[in-house]
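As given, the protein sequences belong to chains X and A, one line each in that order.
Yeah, the first sequence ends on 382 if you go by my numbering, and it's all consecutive.
Yeah, the second sequence ends on 764 if you go by my numbering, and it's all consecutive.
Protein chains: 2
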Amino acid sequence: MQLPTAFVAYSARAGLRTDRDDLAMVVSRRKCQAAGLFTRSRFAGPSVLISRQRLAGGDARGVVVVASNANVATGAQGHDDAVAVAEQAGRAAGIEPHEMLIASTGVIGRRYPMDLLGAHLSSVDPSTFTTTIDGFARAIMTTDTVPKTAERSVGESRLVGVAKGVGMIEPHLATMLAFVFTDAQIAGPELRRAWRDAVAVSFNALSVDGDSSTSDTAVVFANGAAGPVDMDLFGKQLADLCLDLTRQLARDGEGATKLLVVTTTGARDDDQARRVAKSILNSPLVKAAVHGADPNWGRVAMAIGKCEADTDIEPDRVTIRFGALELYPTPPGRAELDRLRTIMEAEEVHIAVDLGVAAGSATTYGCDLSAEYVRINADYTT
Amino acid sequence: MQLPTAFVAYSARAGLRTDRDDLAMVVSRRKCQAAGLFTRSRFAGPSVLISRQRLAGGDARGVVVVASNANVATGAQGHDDAVAVAEQAGRAAGIEPHEMLIASTGVIGRRYPMDLLGAHLSSVDPSTFTTTIDGFARAIMTTDTVPKTAERSVGESRLVGVAKGVGMIEPHLATMLAFVFTDAQIAGPELRRAWRDAVAVSFNALSVDGDSSTSDTAVVFANGAAGPVDMDLFGKQLADLCLDLTRQLARDGEGATKLLVVTTTGARDDDQARRVAKSILNSPLVKAAVHGADPNWGRVAMAIGKCEADTDIEPDRVTIRFGALELYPTPPGRAELDRLRTIMEAEEVHIAVDLGVAAGSATTYGCDLSAEYVRINADYTT
Chain X
1 MQLPTAFVAY
11 SARAGLRTDR
21 DDLAMVVSRR
31 KCQAAGLFTR
41 SRFAGPSVLI
51 SRQRLAGGDA
61 RGVVVVASNA
71 NVATGAQGHD
81 DAVAVAEQAG
91 RAAGIEPHEM
101 LIASTGVIGR
111 RYPMDLLGAH
121 LSSVDPSTFT
131 TTIDGFARAI
141 MTTDTVPKTA
151 ERSVGESRLV
161 GVAKGVGMIE
171 PHLATMLAFV
181 FTDAQIAGPE
191 LRRAWRDAVA
201 VSFNALSVDG
211 DSSTSDTAVV
221 FANGAAGPVD
231 MDLFGKQLAD
241 LCLDLTRQLA
251 RDGEGATKLL
261 VVTTTGARDD
271 DQARRVAKSI
281 LNSPLVKAAV
291 HGADPNWGRV
301 AMAIGKCEAD
311 TDIEPDRVTI
321 RFGALELYPT
331 PPGRAELDRL
341 RTIMEAEEVH
351 IAVDLGVAAG
361 SATTYGCDLS
371 AEYVRINADY
381 TT
Chain A
383 MQLPTAFVAY
393 SARAGLRTDR
403 DDLAMVVSRR
413 KCQAAGLFTR
423 SRFAGPSVLI
433 SRQRLAGGDA
443 RGVVVVASNA
453 NVATGAQGHD
463 DAVAVAEQAG
473 RAAGIEPHEM
483 LIASTGVIGR
493 RYPMDLLGAH
503 LSSVDPSTFT
513 TTIDGFARAI
523 MTTDTVPKTA
533 ERSVGESRLV
543 GVAKGVGMIE
553 PHLATMLAFV
563 FTDAQIAGPE
573 LRRAWRDAVA
583 VSFNALSVDG
593 DSSTSDTAVV
603 FANGAAGPVD
613 MDLFGKQLAD
623 LCLDLTRQLA
633 RDGEGATKLL
643 VVTTTGARDD
653 DQARRVAKSI
663 LNSPLVKAAV
673 HGADPNWGRV
683 AMAIGKCEAD
693 TDIEPDRVTI
703 RFGALELYPT
713 PPGRAELDRL
723 RTIMEAEEVH
733 IAVDLGVAAG
743 SATTYGCDLS
753 AEYVRINADY
763 TT
């Protein structure tokens, strides 16, 4: 997939892992606007802290990603290491060292192998930068099984997005690693607003396992090479692109065999709708039932019920549907059991709940829980 | 295990399931004090609503349990069914119909087979009541693999407890089904206070999967047959008995191979300590790592970090230990790796976190996450 005008990418194996690339960059050849959202974790890593600070400065026009080592909980030395990697990467990419953001993903609690990274970054060949995103998309993967990219366009300008992350995922106001590059010309405040709005309905509606990473980073870069755009149209395309990536992340959730989409309507407000939808989406019992294609709507009722602070939820005003088929209060007749089986066995399962309170709504994205999730995570570091 | 003086038990197969008993009662032959705590679920079943109401009346002296059908989300008819079962059971046990509590556990969303229950309850033979708890403990099991009972004594009086529940377990101010019977003589208000205190440090510190049942019920009955007791001593024994049952429940968590105990110290207050401990205890990534005996303390850091509202948590004041061995900030040396392996491979894994803020503390109980959990729950209803 071609990057928008004046963006270039790099990916290579610095030696952190032996089987594939582990170091990747995208930079803009022009000055750039950028907006970012990050994990709120109290154990946020130095990559997050440094990138957040640099974005506040306003000059960011590239990002370097180190894959397979999160560089989290590594103390003051870990912070200095991240600054050094970002600055070396900036020089290697031909931009000002302070214009380079950094993101990192992988095992927590181990220092970067600075000798490997330093040796590699000091010998980057500028001619190996490409105008495609695919090598970058593959290099940033950890337990991902497929690279995740998406593109949209608005007038003359293009948007290209890339994301990774299939475990330790329930972003709070950000996601794992997600980057969008566009050649649209957009002022900083407008870009930040559009980013916040797009992330709210996409990456923030995603949960693979209810665990929130220490490294979540989502940044959009706009270098203006294609000139100004209609902001309404741009906002819609940006949100749509992010939702595309979100669905790709959910579908590739660790061990996942199905995409699970949970929608709540009729809530007091959108916050309540999101809380109820997330409670269903994150319930291991609901997720296991979806895995087994078991139309166990009682567990959906359970997951609604455990939102116990929401005292305006009344069982006799609630409706539960799988696909378009009502399960509660009126269970399907025998004639509809084939249809129910088809719904449950599909690769994409939709659960819809109406609370019958007011007009709040939310849609969230996740996946089923399989034995494979346990196998993947039972011996990750050893 | 013998019940305390003047309690008798009953268990039988009414036909809700073909392989074992599904109906059980315990009643006091004397008038009784009782105190109860129940699920806060918005989808609480009629058994919970009826028992809560009867306890408020103050005359409860027995409980009937229907196993394999939760009778939840069954509408007004489900409520009438539960009242009818409780009253028939009361008459069968020789107490006033309104003195019988009811608890129910199993699949959500199906009505009781009232013909089977009615036929059985109208022909209960009074001579088949026993003075032991063991039949009752087995009859109330669903996916439990072992019955769970415990006993303690205070002076002349005895306490006998029984519990069930291995999935859909993160009780909020109550647990699945847990009952304690004692012949100590205790006034109602004192009994309620002792019960609240005991449950807070035991059943409320338990989580198998973060899912809260619609049927959680915990009741203590005190019939006074053994005369008055020292309340301090009684409270300690009661809490100790409940903790014993809690550990049995956690150890038998669906698919569990290990008991996981998470302790937080140095918190701002006990609430913060409990929040952080539960975040670790419920993290599927931590649970999977414990399953694989993987000393992945980075996931513990992640689970602490996602308590993002706790802005007084600072990574550089946190200590993480597995067993008594520090992993963060100072990782163990090579000489200690054997000891670490022994800790991780034990049947009981302890994770201890100190936040370095103040003196709040909490201990919580759970289990590892295994592929078996998924298998058990992928096709429960079908």
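Built from N, CA and C at the ideal position, the CB exists for glycine as well.
Remember, predicted model here, so these are calculated numbers, not experimental data.
{"Check": "Quick check on DSSP: helix, strand or coil for residue 583 of chain A?", "Outcome": "helix"}
{"Check": "Can you tell me whether residue 533 of chain A is buried or exposed? The criterion is at least 16 other CB atoms within 10 Å of its CB, across all chains shown.", "Outcome": "buried"}
{"Check": "Going by C-alpha to C-alpha distance, which of A:624, A:564, A:494 sits closest to residue 513 of chain A?", "Outcome": "A:564"}
{"Check": "For residue 161 of chain X versus residue 242 of chain X, is the C-beta distance shorter than 8 angstroms?", "Outcome": "yes"}
{"Check": "From the DSSP output, read off the bridge partner residues of residue 2 of chain X.", "Outcome": "X:132"}
{"Check": "What are the boundary residues of the beta strand (DSSP E) that includes residue 759 of chain A?", "Outcome": "Unbroken run through residue 759 of chain A is the alpha helix (DSSP H), 753-760; no beta strand (DSSP E)."}
{"Check": "What are the boundary residues of the beta strand (DSSP E) that includes residue 708 of chain A?", "Outcome": "707-710"}
{"Check": "Shorter than 8 angstroms from the beta carbon of residue 313 of chain X to some beta carbon of chain A?", "Outcome": "yes"}
{"Check": "Measure the C-alpha to C-alpha separation of residue 527 of chain A and residue 288 of chain X and round it to an integer number of angstroms.", "Outcome": "20 angstroms"}
{"Check": "Does residue 443 of chain A come within less than 8 angstroms of chain X when only Cβ atoms are used?", "Outcome": "no"}
{"Check": "Flag this pair as touching only if the segment 339-356 of chain X and the segment 217-234 of chain X have three or more C-beta atom pairs under 8 angstroms; answer yes or no.", "Outcome": "no"}
{"Check": "Name the residues in the segment 733-752 of chain A whose C-beta lies less than 9 angstroms from a C-beta of chain X; which are they?", "Outcome": "750, 751, 752"}
{"Check": "Does any residue of chain X bring its CB to less than 8 angstroms from the CB of residue 640 of chain A?", "Outcome": "no"}
{"Check": "For residue 672 of chain A, tell me which candidate among X:379, X:326, X:275, X:202 has the shortest Cα-Cα distance.", "Outcome": "X:379"}
{"Check": "Quick check on residue 306 of chain X - is its C-beta less than 8 angstroms from some C-beta in chain A?", "Outcome": "yes"}
{"Check": "Look at the alpha carbon of residue 389 of chain A and the alpha carbon of residue 661 of chain A, and state the distance between them as a whole number of angstroms.", "Outcome": "40 angstroms"}
{"Check": "How many angstroms separate the CA atom of residue 500 of chain A from the CA atom of residue 407 of chain A?", "Outcome": "15 angstroms"}
{"Check": "Just checking: is the beta-carbon of residue 328 of chain X within a distance shorter than 8 angstroms of some beta-carbon in chain A?", "Outcome": "yes"}
{"Check": "So, does the CB of residue 214 of chain X fall closer than 8 angstroms to a CB anywhere in chain A?", "Outcome": "yes"}
{"Check": "Counting contacts by CB-CB distance shorter than 8 angstroms, is residue 75 of chain X in contact with chain A?", "Outcome": "yes"}
{"Check": "Could you have a look at residue 242 of chain X and say whether DSSP puts it in helix, strand or coil?", "Outcome": "helix"}
{"Check": "Name the chain X residues that come within less than 9 angstroms of residue 482 of chain A, Cβ to Cβ?", "Outcome": "Within chain X, no residue comes near residue 482 of chain A; the closest Cβ sits about 24 angstroms away, beyond 9 angstroms."}
{"Check": "With 8 angstroms set as the bound, which would you pick, yes or no: does the beta-carbon of residue 50 of chain X sit closer than that to a beta-carbon of chain A?", "Outcome": "no"}
{"Check": "Helix, strand or coil, according to DSSP, for residue 500 of chain A in the structure here?", "Outcome": "helix"}
{"Check": "By DSSP, does residue 640 of chain A sit in helix, in strand, or in coil?", "Outcome": "coil"}
{"Check": "Where do the ends of the alpha helix (DSSP H) carrying residue 609 of chain A lie?", "Outcome": "Neither: residue 609 of chain A is in no alpha helix (DSSP H) and is coded neither H nor E."}
{"Check": "Rounded to the nearest angstrom, how far is the Cβ of residue 116 of chain X from that of residue 12 of chain X, given a contact under 8 angstroms?", "Outcome": "At roughly 11 angstroms, the Cβ-Cβ gap does not stay under 8 angstroms, so residue 116 of chain X and residue 12 of chain X are not in contact."}
{"Check": "Mapping the DSSP letters down to three states, classify residue 429 of chain A as helix, strand or coil.", "Outcome": "helix"}
{"Check": "Does the segment 293-302 of chain X come close enough to the segment 403-419 of chain A to have 3 or more Cβ pairs within less than 8 angstroms?", "Outcome": "no"}
{"Check": "Where does residue 766 of chain A sit, in a helix, a strand or coil, going by DSSP?", "Outcome": "No answer is possible for residue 766 of chain A: the residues shown for chain A start at 383 and end at 764."}
{"Check": "Quick one, are the C-beta atoms of residue 698 of chain A and residue 739 of chain A less than 8 angstroms apart?", "Outcome": "no"}
{"Check": "Secondary structure at residue 548 of chain A, three-state DSSP: helix, strand or coil?", "Outcome": "coil"}
{"Check": "Could you have a look at residue 282 of chain X and say whether DSSP puts it in helix, strand or coil?", "Outcome": "helix"}
{"Check": "Assuming residue 517 of chain A and residue 590 of chain A form a contact by the criterion Cβ under 8 angstroms, report the distance between their Cβ atoms to the nearest whole angstrom.", "Outcome": "Not a contact, Cβ separation roughly 25 angstroms."}
{"Check": "So residue 107 of chain X contacts chain A; which residues on that side make the cut at Cβ distance below 7 angstroms?", "Outcome": "680"}
{"Check": "Any idea what DSSP makes of residue 406 of chain A, helix, strand or coil?", "Outcome": "strand"}
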